[in-house]
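Just so you know, we're using this note's numbering here: the sequence shown kicks off at 35 and counts up by one. A virtual CB, placed ideally from N, CA and C, is assigned to each residue, including glycine. These figures come from a predicted structure and were not determined experimentally.
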Amino acid sequence: AKLTRAIVVGPIARLEFEPIDHHDFAKDTVIEAQLPAHFFAEQGYQEGETLVLTPRKARIFVES
């Protein structure tokens, strides 16, 4: 997935991703992830970078 936005708020980094393979996702799907801010800083992720995501605690929200 492509990292489109990264915001660090206190000890948490909130990330937004855009799926690369849109065949399995609805149009305008946003994948949100949170991780410790120190881990995000150590990894040096940049907006626009492509990353492989592995969900650990997945929750799905559907708009009506």
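Check, Outcome
"Reduced DSSP secondary structure (H/G/I, E/B, other) of F74", "helix"
"Sub-7 Å separation of A71 and I41 beta-carbons", "no"
"Contact set for R39: own chain, Cβ-Cβ below 6 Å, skip 5 residues either direction", "E50"
"For E52, the residue or residues it bridges with in DSSP", "K36"
"Nearest-angstrom beta carbon gap, R48 and Q80 [assumed within contact, 8 Å]", "Wrong, their Cβ atoms sit about 16 Å apart, outside the cutoff."
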